[in-house]
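Chains as they are written, first to last, in our numbering: chain P, 0 to 92; chain W, 3 to 252.
The beta carbon of each residue, even a glycine, is placed where N, CA and C say it ideally should be.
Notes follow the structure.
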Amino acid sequence: MKNWPLWEVFIRSKNGLHHKHVGSLHATDEEMALQNARDVYTRRSEGVSIWVVESKHITASNPEESGELFEPAQDKVYRHPTFYELPNELEHI
Amino acid sequence: MNDTLFKYLIQLGDNSLILGHRLSELCGHGPILEVDMALTNIALDLMGQARNYYQYAAEIEGKGRTEDDLAMLRDAREYRNCLLVEQANEDFAYTITRQFFFDAFHLPLMEAMKGSNDERLSAIAHKSYKEVSYHYRYSSEWMKRLGDGTEESHSRIQDAVDDLWMYIGELCEVSDVDQAAIDAGLGVDLNAIRQTVEQNIKEVLKEATIQIPEISFKQSGGKSGIHTEQLGFILAELQWMQRAYPNMEW
């Protein structure tokens, strides 16, 4: 079991919402990863849909490069749509 | 009181309680966290089913006994579970094989029980069917992986199948209680689901590259209260607190 691959689990909590990363687990293959995800992450009715992706297939940004990647966006407030008034009925924005 | 319905409910409840208890022994002891949680989830489903049956049985008996009395204060001879579910966990291969054999039977049983003329029994079957569908999926996927996995996993699952094989004949054996329940239209005709049960088992074993044992001898007795030595140990652990401190609660 030590060499079972690691999987990342994404759960959609409600129809209409997007999948969110909830954690990871070990499993022999994708079908078992799905079943394990159901058992570990949806015991309290957290989800209506599950995605699993083997962790090695995720390409992640390097934390050491966060300066060049993310800081240039910090002084560009005009990119935020904060200058509009949103109607109250709009949710999830 | 409806004696047939009462006895039928006890038979159903005992299967779920004893198998649920066996799985609960693994809580915190599973081979890995993910499997530990999966088996505990199945145990909880089975406990919930046992409660549904015992609550209903206690109500129709009308003697003031509760679900807890039925689960905790009967002796081994009064239990009507089949012998398969009381067999020990041994190792992961045995645990999964026992579960798979029972699920292969439990699924068609619940499907057929949806058609019971007893409304409440039918409602319990509808709820349980969804749970059992998942149990069957889980245990049969594991059978395939252990059977068609490594040399060691294959030989261990084959041993478990060989050893537990003699207990599956009892699952579809029609007891007096079954017959009375069938005649009353509330119980499942086990002869009618036998073929599905056998097919479920054979198909998965084949895909798992597990040899079907050539053993025709079958153990039975559980449905009439004659159990293997295993049940006494289970009840000792399950009941000792209620026996030592009657009516205790927490």
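- request: Quick one: measure Cβ to Cβ for Gly-189 (chain W) and Tyr-10 (chain W), integer angstroms, because I've assumed they're closer than 8 angstroms.
  value: To locate residue 189 (chain W), count along the second sequence from 1; it is residue 187. To locate residue 10 (chain W), count along the second sequence from 1; it is residue 8. Going by Cβ atoms, the distance from Gly-189 (chain W) to Tyr-10 (chain W) rounds to 5 angstroms, so yes, they are a contact pair.
field: Residues within the region 133 to 148 of chain W neighbouring chain B, beta-carbon criterion of under 9 angstroms
entry: Among the protein chains of the structure shown, namely P and W, there is no chain B.
query: Does Gln-34 (chain P) come within less than 8 angstroms of chain W when only Cβ atoms are used?
result: Mapped onto the first sequence, residue 34 (chain P) falls at position 35. Yes, because at least one Cβ of chain W sits closer than 8 angstroms to the Cβ of Gln-34 (chain P).
message: Quick check on the DSSP output: what are the complete alpha helix (DSSP H) runs of length 4 or more inside the region 70 to 154 of chain W, in order along the chain?
response: Counting only runs of 4 or more, we get 85 to 88, 94 to 115, 121 to 149.
- prompt: Listing by chain order, which chain W residues have their CB less than 8 angstroms from the CB of Arg-42 (chain P)?
  reply: On the first sequence, residue 42 (chain P) is found 43 positions in, with the first residue counted as 1. Ordered by position in chain W, the residues that pass the 8 angstroms Cβ test against Arg-42 (chain P) are Met-39, Asn-43.
field: First and last residue of the uninterrupted beta strand (DSSP E) at Phe-8 (chain W)
entry: Reading the second sequence from its first residue, position 6 is the one you call residue 8 (chain W). Run containing Phe-8 (chain W): none in the beta strand (DSSP E); it sits in the alpha helix (DSSP H), 5 to 26.
- prompt: Along chain W, which residues have their Cβ under 7 angstroms away from the Cβ of Leu-24 (chain P)?
  reply: Mapped onto the first sequence, residue 24 (chain P) falls at position 25. Neighbours of Leu-24 (chain P) on chain W, chain order: Glu-36.
- prompt: Smallest Cα separation from Gly-30 (chain W): which of W:Met-39, W:Glu-172, W:Tyr-96?
  reply: Against the second sequence, residue 30 (chain W) aligns to sequence position 28. Looking at the Cα atoms, W:Met-39 is the closest of the given residues.
- prompt: Got a sec? Which residues, its chain only, sit under 6 angstroms from Gly-22 (chain P) by beta carbon, not counting five neighbours each side?
  reply: Within the first sequence, residue 22 (chain P) is the residue found at index 23, counting from 1. Around Gly-22 (chain P): Val-8.
query: Bridge partners of Glu-63 (chain P), per DSSP?
result: Position 64 of the first sequence holds residue 63 (chain P). Glu-63 (chain P) is not bridged to any residue.
message: DSSP three-state label for Ile-49 (chain P), please.
response: Within the first sequence, numbered from 1, the residue matching residue 49 (chain P) stands at position 50. Correct three-state label for Ile-49 (chain P): strand.
task: Answer with buried or exposed for Thr-99 (chain W), where buried requires no fewer than 16 other C-beta atoms within 10 angstroms of its C-beta.
output: Here residue 99 (chain W) refers to the residue found at position 97 of the second sequence. By the Cβ-count criterion, Thr-99 (chain W) is buried, with 16 or more other Cβ atoms from all chains shown falling within 10 Å of its own Cβ.
query: On the three-state DSSP scale, how would you describe Ile-159 (chain W)?
result: The residue given as residue 159 (chain W) occupies position 157 in the second sequence. Helix, per DSSP.
field: Coarse secondary structure for Arg-245 (chain W), derived from DSSP in three states
entry: Locating residue 245 (chain W) in the second sequence gives position 243, where the first residue counts as 1. If DSSP states are grouped into helix, strand and coil, Arg-245 (chain W) belongs with the helices.
- prompt: Does any residue of chain W bring its CB to less than 8 angstroms from the CB of Glu-7 (chain P)?
  reply: Looking up residue 7 (chain P) in the first sequence gives position 8. Not closer than 8 angstroms to any Cβ of chain W, the Cβ of Glu-7 (chain P) fails to qualify, so no.
message: Tell me the DSSP secondary structure of Gly-234 (chain W) in three-state form.
response: Taking the second sequence and counting its residues from 1, the one referred to as residue 234 (chain W) is at position 232. In the displayed model, Gly-234 (chain W) falls within a helix according to three-state DSSP.
- prompt: Quick one: is Leu-7 (chain W) buried, meaning 16 or more other Cβ sit within 10 Å of its Cβ, or exposed?
  reply: Along the second sequence, one-based indexing puts residue 7 (chain W) at 5. By the 10 Å Cβ count, Leu-7 (chain W) comes out buried.
- request: For the alpha helix (DSSP H) holding Ile-44 (chain W), just list the boundary residues, first then last.
  value: Within the second sequence, the letter at position 42 stands for residue 44 (chain W). Note, Ile-44 (chain W): alpha helix (DSSP H), 35 to 63.
query: Alpha carbon to alpha carbon, how far is Ala-210 (chain W) from Leu-148 (chain W)?
result: Within the second sequence, the letter at position 208 stands for residue 210 (chain W). Within the second sequence, the letter at position 146 stands for residue 148 (chain W). Rounded to the nearest angstrom, the gap between the Cα atoms of Ala-210 (chain W) and Leu-148 (chain W) is 7 angstroms.
Cβ pair Ser-177 (chain W), Ser-226 (chain W) closer than 8 angstroms: Position 175 of the second sequence, counted from the start, is the residue given in the question as residue 177 (chain W). Position 224 of the second sequence, counted from the start, is the residue given in the question as residue 226 (chain W). Taking a C-beta distance under 8 angstroms as the contact criterion, Ser-177 (chain W) and Ser-226 (chain W) qualify as a contact pair.
field: Beta-carbon neighbours of Val-39 (chain P), restricted to chain W and to distances below 7 angstroms
entry: Here residue 39 (chain P) refers to the residue found at position 40 when the first sequence is read from its first residue. Near Val-39 (chain P) (Cβ distances below 7 angstroms), the residues of chain W are Glu-36, Met-39.
task: With a 10 Å radius around its C-beta and 16 neighbouring C-beta atoms as the bar for buried, classify Val-206 (chain W) as buried or exposed.
output: Along the second sequence, read from residue 1 onward, the residue named residue 206 (chain W) stands at position 204. Burial call: buried.
- request: State the Cα-Cα distance for the pair Asn-35 (chain P) and Glu-133 (chain W), rounded to the nearest angstrom.
  value: Reading the first sequence from its first residue, position 36 is the one you call residue 35 (chain P). Reading the second sequence from its first residue, position 131 is the one you call residue 133 (chain W). When rounded, the distance between both Cα atoms is 15 angstroms.
query: Hey, would you say Met-3 (chain W) sits closer than 8 angstroms to Gly-66 (chain W), going by beta carbons?
result: Position 1 of the second sequence, counted from the first residue, corresponds to residue 3 (chain W). Position 64 of the second sequence, counted from the first residue, corresponds to residue 66 (chain W). No, these two residues do not count as a Cβ contact at 8 angstroms.
- request: Out of W:Ile-195, W:Leu-19, W:Met-74, W:Gln-101, state which residue places its alpha-carbon closest to the alpha-carbon of Ala-114 (chain W).
  value: Taking the second sequence and counting its residues from 1, one reaches residue 114 (chain W) at position 112. Closest in C-alpha terms to Ala-114 (chain W), from the list W:Ile-195, W:Leu-19, W:Met-74, W:Gln-101, comes W:Ile-195.
message: For the beta strand (DSSP E) containing Leu-24 (chain P), name the first residue and the last one.
response: The residue given as residue 24 (chain P) occupies position 25 in the first sequence. Annotation for Leu-24 (chain P): the continuous beta strand (DSSP E) segment containing it runs 19 to 25.
field: Selected residue, minimal CA-CA separation from Leu-123 (chain W), among W:Phe-107, W:Glu-251, W:Leu-14
entry: Along the second sequence, one-based indexing puts residue 123 (chain W) at 121. Selected option, being the one with the closest Cα: W:Leu-14.
message: If you reduce the DSSP assignment to three classes, tell me which class Leu-188 (chain W) lands in.
response: Taking the second sequence and counting its residues from 1, one reaches residue 188 (chain W) at position 186. Taken through DSSP and simplified to helix, strand or coil, Leu-188 (chain W) comes out as coil.
query: Which of the three DSSP states, helix, strand or coil, is assigned to Val-69 (chain P)?
result: Position 70 of the first sequence, counted from the start, is the residue given in the question as residue 69 (chain P). Before going on, a small fix: residue 69 (chain P) reads as Phe here, not Val. If DSSP states are grouped into helix, strand and coil, Phe-69 (chain P) belongs with the helices.
message: Between Asn-53 (chain P) and chain W, is any beta-carbon pair separated by less than 8 angstroms?
response: Along the first sequence, one-based indexing puts residue 53 (chain P) at 54. According to the sequence provided, residue 53 (chain P) is Glu. The question's Asn does not apply to it. So no, Glu-53 (chain P) is outside the interface.
field: 8 angstroms Cβ cutoff, Glu-88 (chain P) in contact with chain W
entry: Locating residue 88 (chain P) in the first sequence gives position 89, where the first residue counts as 1. Not an interface residue.
task: Show which residues of chain W have a CB atom less than 8 angstroms away from the CB atom of Thr-58 (chain P).
output: In the first sequence, residue 58 (chain P) corresponds to position 59, counting from 1. Chain W residues near Thr-58 (chain P): none, gap ~25 angstroms exceeds 8 angstroms.
task: Just tell me which of W:Tyr-56, W:Asp-77, W:Leu-166 has its CA closest to the CA of Asp-93 (chain W).
output: Counting from one through the second sequence, the residue named residue 93 (chain W) turns up at place 91. Nearest option by C-alpha distance: W:Leu-166.
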